[in-house]
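**Student:** The sequence shown begins at 9 in our numbering and counts up one residue at a time.
In this text, a Cβ means the ideal position worked out from N, Cα and C, and glycines have one as well.
For clarity, every value in this text was computed on a predicted model and none was experimentally measured.
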Amino acid sequence: MLGGLMERLRIRVVPIEEVKVESGDVKTFFFRDEACLSARPGQYVMVWVPGVDEVPMSLSTINRGGLSAVTVRRVGEATEELHRKGKGDLIGVRGPLGNGFDLVRGRCLLVGGGTGVAALTPLAEELLKGGAEVSFILGGRDRERLIFLERLRELLQGRGELIVTTDDGSYGLKGFASTWAARKMDEEHFDMIYTCGPELMMVEVFREAEKRGIPVQASLERIIKCGVGLCGSCAIGGFRVCVDGPVFNSEQLKSIAEEFGRTRLDASGRRIRVEK
9 MLGGLMERLR IRVVPIEEVK VESGDVKTFF FRDEACLSAR PGQYVMVWVP GVDEVPMSLS
69 TINRGGLSAV TVRRVGEATE ELHRKGKGDL IGVRGPLGNG FDLVRGRCLL VGGGTGVAAL
129 TPLAEELLKG GAEVSFILGG RDRERLIFLE RLRELLQGRG ELIVTTDDGS YGLKGFASTW
189 AARKMDEEHF DMIYTCGPEL MMVEVFREAE KRGIPVQASL ERIIKCGVGL CGSCAIGGFR
249 VCVDGPVFNS EQLKSIAEEF GRTRLDASGR RIRVEK
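(1) Note down, in chain order, each residue of its chain lying with its Cβ closer than 6 Å to the Cβ of A86, except the 5 sequence neighbours on either side.
(2) Is the CB-CB distance between L254 and L273 below 8 Å?
(3) May I have a chain-ordered list of the beta strand (DSSP E) segments no shorter than 3 residues that lie completely inside the stretch 132-218?
(4) State the beta-bridge partners of L118 as determined by DSSP.
(5) For Q51 versus G106, is the C-beta distance shorter than 8 Å?
(6) Return the chain-ordered list of same chain residues with a C-beta closer than 7 Å to the C-beta of G237, the five sequence neighbours on each side being excluded.
(7) Grab the span of the alpha helix (DSSP H) containing T87 for me, first residue to last.
(8) Is the Cβ of I70 closer than 8 Å to any Cβ of chain D?
(9) Ordered along the chain, which non-local residues of its own chain (more than five positions away) have a Cβ less than 7 Å from that of G245?
(10) Roughly how many whole angstroms lie between the Cα atoms of R81 and V34?
(11) Could you check if D41 is buried or exposed, using at least 16 other CB atoms within 10 Å of its CB as the buried criterion?
(12) Can you tell me where the beta strand (DSSP E) with L67 in it begins and where it stops?
(13) On the premise that A47 lies in contact with T79, defined as a C-beta separation below 8 Å, what is that separation, rounded to the nearest angstrom?
(14) For A77, which residues does DSSP report across the bridge?
(15) Below 6 Å CB to CB, which residues in the same chain sit around F156 once its five sequence neighbours on both sides are set aside?
(16) With H, G and I counted as helix, E and B as strand and the rest as coil, what does DSSP make of K262?
(17) D110 and Q225: beta carbons closer than 8 Å?
(18) Roughly how many angstroms separate the alpha carbons of K95 and E25, rounded to a whole number?
Structure, rendered in structure tokens:
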């Protein structure tokens with residue numbers, strides 16, 4: 009057991025096997041790593057971009073013919089450099105880390121926005137394998153920012169329900185994913201709601217679920233540096249996102265209500281407001 013833990017914490021250098029362009033600023037990078045093949049949906053890896061930085065990324069594919077993957081939006085120096093890489097280039101992987109989602113049977117509503125969809129897609133796959141009924145709300149600001157549309161259509165065809173929303177109405181239903189999630193909660197009974205994406209979206213999903221007594225699991229994003237609970241850069245309430253999360257349940261979310269959707273720590277440890 010200790011050997012497995014040490015292997016997960018060690019940086020393994022792996023070649024990129026495949027790169028898929030998801031949108032103008034989002035790419036998926038596939039790689040082979042034995043430790044990642046047994047990851048739980050919702051767990052993350054620390055990806056080392058040589059010469060730049062190490063950054064946390066949720067696994068968007070777990071064991072597709074021996075391949076795992078991360079899906080990355082270009083937002084800073086490390087992701088900019090990663091986006092320049094192609095097949096055969098080397099990256100480092102450490103993990104899988106964190107707790108992941110708890111799987112339930114029954115009726116499940118998944119609400120994803122932006123690249124948060126990446127963490128929910130392997131979850132949908134595992135829920136379906138376990139016999140759960142899945143409704144998936146895929147949200148984006150506009151058509152360009154929708155990712156995994158075809159993958160989810162194929163996955164849910166005849167097995168579940170896919171609802172596509174865009175803030176501007178350029179594709180699918182017009183409006184916020186959280187708004188349509190609330191309507192869906194009124195229409196049907198759900199045993200669990202899973203959500204990942206912009207934090208303000210997740211706050212609204214959580215609030216609507218609380219009104220109706222539906223349990224929630226939300227995957228939170230914070231600045232993660234060490235990944236082992238030592239540095240405190242990812243602290244929220246009394247939790248460390250890197251080891252206590254990134255997935256938090258309803259009771260935990262209620263306990264961090266003063267920070268969830270309101271404030272976070274920046275790279276220097278200064279408390280700032282959560283951006284829209």
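**Tutor:** So, to answer that:
(1) V57, V60, D61, V63
(2) A small fix is needed here, since residue 254 is Pro in this sequence, not Leu. No.
(3) Within the stretch 132-218, the complete beta strand (DSSP E) runs of at least 3 residues are 141-148, 168-174, 200-204.
(4) L118 pairs with F144, Y202.
(5) yes
(6) R248, C250, V251.
(7) 85-91
(8) Structure shown: chain D not included; a single protein chain is present.
(9) S263, I264, E267
(10) 4 Å
(11) It counts as buried.
(12) 61-72
(13) The Cβ separation is near 14 Å, so there is no contact.
(14) F38, T69
(15) V125, T129
(16) Assigned with DSSP and collapsed to three states, K262 falls in helix.
(17) yes
(18) So the alpha carbons of these two residues sit roughly 5 Å apart.
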